[in-house]
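Take the sequence shown: its position 97, counted from the start at 1, is 97 in our numbering, and no numbers get skipped.
For every residue, glycine included, the Cβ atom is placed at its ideal position computed from N, Cα and C.
Here is the structure we will look at, set down as structure tokens.
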Amino acid sequence: MNLPSITLLLMIGLVSGTASGLFGIGGGVLIVPALLYWAGFSQHAAIGTSLAILLPPVGLAAVIEYYRHGNVDLKAAFIVAAESSPMFSTDIKCPDSQNKSCRFDGFYF
Numbered sequence: 001m002n003l004p005s006i007t008l009l010l011m012i013g014l015v016s017g018t019a020s021g022l023f024g025i026g027g028g029v030l031i032v033p034a035l036l037y038w039a040g041f042s043q044h045a046a047i048g049t050s051l052a053i054l055l056p057p058v059g060l061a062a063v064i065e066y067y068r069h070g071n072v073d074l075k076a077a078f079i080v081a082a083e084s085s086p087m088f089s090t091d092i093k094c095p096d097s098q099n100k101s102c103r104f105d106g107f108y109f
């Protein structure tokens, strides 16, 4: 994969961040299509990159803030997270692990 220009990536970040702040929409709504159509990423690369962009600052910051106020039960979170992965139910739905489309559906939903 050829890395698009840094200017293009900065513009995608600026536009999605500004629109997200002004209109209250998720940045991923804009980032994924922008990476697909403007930067030439594949669908999976665009989604994965968007997750890498958004989850650490948003998810981690939120958990830290809730934890700071005593509103996170880490033991319960780890127990539920260990068993709530959609990939477990996908194994039941899609016993043929070569069926990538079926596995993606299970992960997505």
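What is the rounded straight-line gap between the Cα of residue i and the Cα of residue j?
| i | j | result |
| --- | --- | --- |
| residue 59 | residue 65 | 10 Å |
| residue 78 | residue 62 | 16 Å |
| residue 69 | residue 17 | 27 Å |
| residue 116 | residue 41 | Because the chain here runs from 1 to 109, residue 116 falls outside it and cannot be looked at. |
| residue 37 | residue 27 | 16 Å |
| residue 55 | residue 11 | 20 Å |
| residue 20 | residue 29 | 9 Å |
| residue 72 | residue 50 | 26 Å |
| residue 45 | residue 76 | 32 Å |
| residue 33 | residue 53 | 14 Å |
Classify residue i: buried if its beta carbon has 16 or more other beta carbons within 10 angstroms, exposed otherwise.
| i | result |
| --- | --- |
| residue 14 | exposed |
| residue 39 | buried |
| residue 5 | exposed |
| residue 74 | exposed |
| residue 81 | exposed |
| residue 35 | buried |
Can you tell me where the alpha helix (DSSP H) with residue i in it begins and where it stops?
| i | result |
| --- | --- |
| residue 33 | 27-37 |
| residue 63 | 61-68 |
Go ahead and pull the three-state DSSP assignment for residue i.
| i | result |
| --- | --- |
| residue 3 | coil |
| residue 106 | The pLDDT assigned to residue 106 is 47, lower than 50, so where the model puts this residue is not dependable, and the model offers no usable value. |
| residue 13 | helix |
| residue 72 | coil |
| residue 48 | helix |
| residue 41 | coil |
| residue 21 | helix |
Within the present structure, is the beta-carbon of residue i separated from the nearest heavy atom of the ligand ADP by less than 7 Å?
| i | result |
| --- | --- |
| residue 23 | Summarising the ligand content, the structure contains no ligands, and the ligand ADP is consequently not present. |
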